[in-house]
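Single-structure report; data block below.
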Amino acid sequence: MKTGNRNFIGAIALIASALSGQAFAQSQDCIVLKSTAEIEKEMVSDQGEKSKSLVPAGKVIPGTEVVWTVTANNVCKQPSDKVTINNPVPDHMALVPNSATGPGADITYSVDGKSFAPAGQLTVQENGVTRPARGDEYKHIRWEFKNSLAPGASAFARFRAVLN
Amino acid sequence: MQSLRFTALAAIALTLGVSANNAHARGVPAGTAINNTATVDYTVGAVTATVTSNQSSVVVAEIVDVDVIVQTPTVAVTPGATQQVMRYRVTNIGNGPETFRLVMSNAIAGDQFDPTAASPAIYLDSDASGTYNTGDAPYVVGTNDPVLAADGFVTVFVFNDIPAAAVDGNTGRSNLTADARTGTGAPGTVFAGAGASGTDAVVGSTGGDGVAQGEYVVEGVAITAIKSQTVVDQFGGARPVPGARIDYSIVVNATGTGIAAAAAFTDNIPTGTTYVPGTLRLNTTALSDNADADVGAFESSPQPRVRVQLGNLTAASGTQTITFAVTINSL
Numbered sequence: 001m002k003t004g005n006r007n008f009i010g011a012i013a014l015i016a017s018a019l020s021g022q023a024f025a026q027s028q029d030c031i032v033l034k035s036t037a038e039i040e041k042e043m044v045s046d047q048g049e050k051s052k053s054l055v056p057a058g059k060v061i062p063g064t065e066v067v068w069t070v071t072a073n074n075v076c077k078q079p080s081d082k083v084t085i086n087n088p089v090p091d092h093m094a095l096v097p098n099s100a101t102g103p104g105a106d107i108t109y110s111v112d113g114k115s116f117a118p119a120g121q122l123t124v125q126e127n128g129v130t131r132p133a134r135g136d137e138y139k140h141i142r143w144e145f146k147n148s149l150a151p152g153a154s155a156f157a158r159f160r161a162v163l164n
Numbered sequence: 165m166q167s168l169r170f171t172a173l174a175a176i177a178l179t180l181g182v183s184a185n186n187a188h189a190r191g192v193p194a195g196t197a198i199n200n201t202a203t204v205d206y207t208v209g210a211v212t213a214t215v216t217s218n219q220s221s222v223v224v225a226e227i228v229d230v231d232v233i234v235q236t237p238t239v240a241v242t243p244g245a246t247q248q249v250m251r252y253r254v255t256n257i258g259n260g261p262e263t264f265r266l267v268m269s270n271a272i273a274g275d276q277f278d279p280t281a282a283s284p285a286i287y288l289d290s291d292a293s294g295t296y297n298t299g300d301a302p303y304v305v306g307t308n309d310p311v312l313a314a315d316g317f318v319t320v321f322v323f324n325d326i327p328a329a330a331v332d333g334n335t336g337r338s339n340l341t342a343d344a345r346t347g348t349g350a351p352g353t354v355f356a357g358a359g360a361s362g363t364d365a366v367v368g369s370t371g372g373d374g375v376a377q378g379e380y381v382v383e384g385v386a387i388t389a390i391k392s393q394t395v396v397d398q399f400g401g402a403r404p405v406p407g408a409r410i411d412y413s414i415v416v417n418a419t420g421t422g423i424a425a426a427a428a429f430t431d432n433i434p435t436g437t438t439y440v441p442g443t444l445r446l447n448t449t450a451l452s453d454n455a456d457a458d459v460g461a462f463e464s465s466p467q468p469r470v471r472v473q474l475g476n477l478t479a480a481s482g483t484q485t486i487t488f489a490v491t492i493n494s495l
């Protein structure tokens, strides 16, 4: 886990609060981050209409597609900038290609966790030969939200992965 | 010693064991916890911070799936024979350990007789040798149901007797069924908490059970071939020296009540010898070396050999004598 610049001294906090005119309490995170695991269930109404809805995933069998959703809620009175969500693809799961979504975000991926690139631009080594990485080989996903997250607002990121 | 090959179609059934399919368990082991934690980086003014989410998890449920194959799909038997064995493989293709119950059934449509179950009828290959031997345990339902890990398999032997009234060509079918003790049913049926590590067990695409069928085929005919040879060397003696001639005689005989249809005799010319052209005979009738209208030929590929078509042989056909000669090559 990356550590931010938390070791700032009290003076900077005072300066920051003086500039913004409001207090940024360093002991309180401005973003509350929630992660959920769900599966998509098909429902049939009394009229025979089919619809899909997400329900919590508890116990799943291999081959099941799990929908992972991350929400970032700004609980402070200042906007949050450069909001970036990082989510590794869980163990024993394969990312469903093109399933990552996040309104207002640039989405990039990584195979090694260090270098990130848009879909289609990653490579892997196989038997000494470099080849393009397949979508199900991406191991990390990153959402970089282009706009600030206003106080009280939420940013939303989602991807799907299949259990091996 | 030369190789003697004898092939007959139809009435003589092959009893080669079929190598098992590689049925593989699918998936992450049941009970495994899959955890996911996300992080967010952000800045407020000049300050950057990172927050970690809660850990959201799913637990891998157990798929209940089994594969049964027969490794001896056709077993040749004679009327009245007892303890005729059939071999099956039962594989756990789910993702968690599972106990299976085995049932043999002989009342199956489409055959001419029902094999009679021997007692005991089912044995487990306790020493995992792949063949039945006296150490293997008789199977008793509910007492030694095989417990198989994911991807694990057990070889099962089934013993039946053949009715004395069965005649040549009759078939008798026998099934072996395996079903998962945790539960069977429509794929997707959930047995809550019944899986490994207390997770749910979910019936997989096989329904949690599997069945395979073998067939006993009565073949009333047996073929014997007895070979003899005479050596004459170029000095009037009987020493097998280079240049000496070996005359082979093979007597083929059918016994029993059935027909060996389209029986074909082939015999390789031994390494280090050369076929003497024009010496192939069936019951003293000379056969031309070429493949033509008569029943015999000398073939040089894939390896030098003689071949004689004996037609449909029965006990009434009488003995068939094939003769041919070779010379021993110089060194």
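Top line first, the protein sequences correspond to chains A and B. With the working numbering applied, the first sequence covers 1 to 164. With the working numbering applied, the second sequence covers 165 to 495. Beta carbons are placed, not taken as given, at the ideal position from N, Cα and C, and that holds for glycine.
Helix, strand or coil at residue i according to DSSP, with G and I counted as helix
i: Asp136 (chain A); result: helix
i: Gly378 (chain B); result: strand
i: Ser481 (chain B); result: helix
i: Leu444 (chain B); result: coil
i: Lys77 (chain A); result: coil
i: Phe462 (chain B); result: strand
i: Gln125 (chain A); result: strand
i: Asn270 (chain B); result: coil
i: Leu54 (chain A); result: strand
i: Val96 (chain A); result: coil
i: Thr491 (chain B); result: strand
i: Lys41 (chain A); result: strand
i: Asp205 (chain B); result: strand
i: Thr394 (chain B); result: strand
i: Asn186 (chain B); result: Bear in mind that the predicted position of Asn186 (chain B) carries a pLDDT of just 48, short of 50, making it too unreliable to give a figure here.
i: Pro151 (chain A); result: coil
i: Glu65 (chain A); result: strand
i: Asp373 (chain B); result: strand
i: Ile423 (chain B); result: coil
i: Arg469 (chain B); result: strand
Buried versus exposed, by CB contacts within 10 Å (16 or more), residue i
i: Phe399 (chain B); result: exposed
i: Asn185 (chain B); result: Interpretation of Asn185 (chain B) is limited by its pLDDT of 44, a score under 50 that renders its predicted location unreliable; the figure taken from the coordinates is listed afterwards. The residue in question, Asn185 (chain B), is exposed, as its Cβ has fewer than 16 Cβ neighbours within 10 Å.
i: Ile257 (chain B); result: buried
i: Ala344 (chain B); result: buried
i: Val304 (chain B); result: exposed
i: Lys114 (chain A); result: exposed
i: Thr483 (chain B); result: exposed
i: Arg131 (chain A); result: exposed
i: Lys59 (chain A); result: buried
i: Leu474 (chain B); result: buried
i: Ile390 (chain B); result: exposed
i: Asn447 (chain B); result: exposed
Limits of the beta strand (DSSP E) - the one that residue i falls within
i: Phe159 (chain A); result: Ser154 to Leu163
i: Ile433 (chain B); result: Where Ile433 (chain B) is concerned, there is no enclosing beta strand (DSSP E), given that its DSSP letter is neither H nor E.
i: Ser413 (chain B); result: Arg409 to Gly420
i: Thr108 (chain A); result: Ala105 to Ser110
i: Asn199 (chain B); result: Ala197 to Asn200
Close beta carbons around residue i, own chain, < 8 Å, minus the five adjacent residues each side
i: Thr203 (chain B); result: Thr214, Val215, Thr216 and Ser217
i: Asn308 (chain B); result: Leu288 and Ala301
i: Gly371 (chain B); result: Thr348, Gly349, Ala350 and Pro351
i: Val239 (chain B); result: Ala177, Thr179, Gln248, Val249, Met250, Gly378, Glu379, Tyr380 and Val381
i: Gln219 (chain B); result: Asn199, Asn200 and Thr201
i: Gly299 (chain B); result: Ser290 and Asp291
Proximal residues to residue i (C-beta, below 6 Å), its chain only, five neighbours per side dropped
i: Val367 (chain B); result: Val228, Gly349, Pro351 and Thr353
i: Gly21 (chain A); result: Confidence at Gly21 (chain A) is low in this model, with a pLDDT of 42, below 50, so its placement is unreliable and the value that follows should be read with caution. Answer for Gly21 (chain A): no residue qualifies.
i: Ala365 (chain B); result: Glu226, Val228, Thr346, Phe355, Ala358 and Gly359
i: Arg158 (chain A); result: Thr69 and Thr101
Check: residue i C-beta below 7 Å from any heavy atom of the ligand FAD
i: Ala358 (chain B); result: This structure does not include the ligand FAD; it has no bound ligands of any sort.
* **Segments assigned beta strand (DSSP E), at least 3 residues, entirely inside the segment 311-364 of chain B** => Secondary structure in the segment 311-364 of chain B: the beta strand (DSSP E) runs of 3 residues or longer, each lying completely within the stretch, are 317-325 and 335-344 in chain order.
* Asked: Which runs of the beta strand (DSSP E), 3 residues or longer, sit entirely within the segment 208-287 of chain B?
  -> 211-216, 220-224, 226-228, 230-234, 238-241, 248-256 and 262-269
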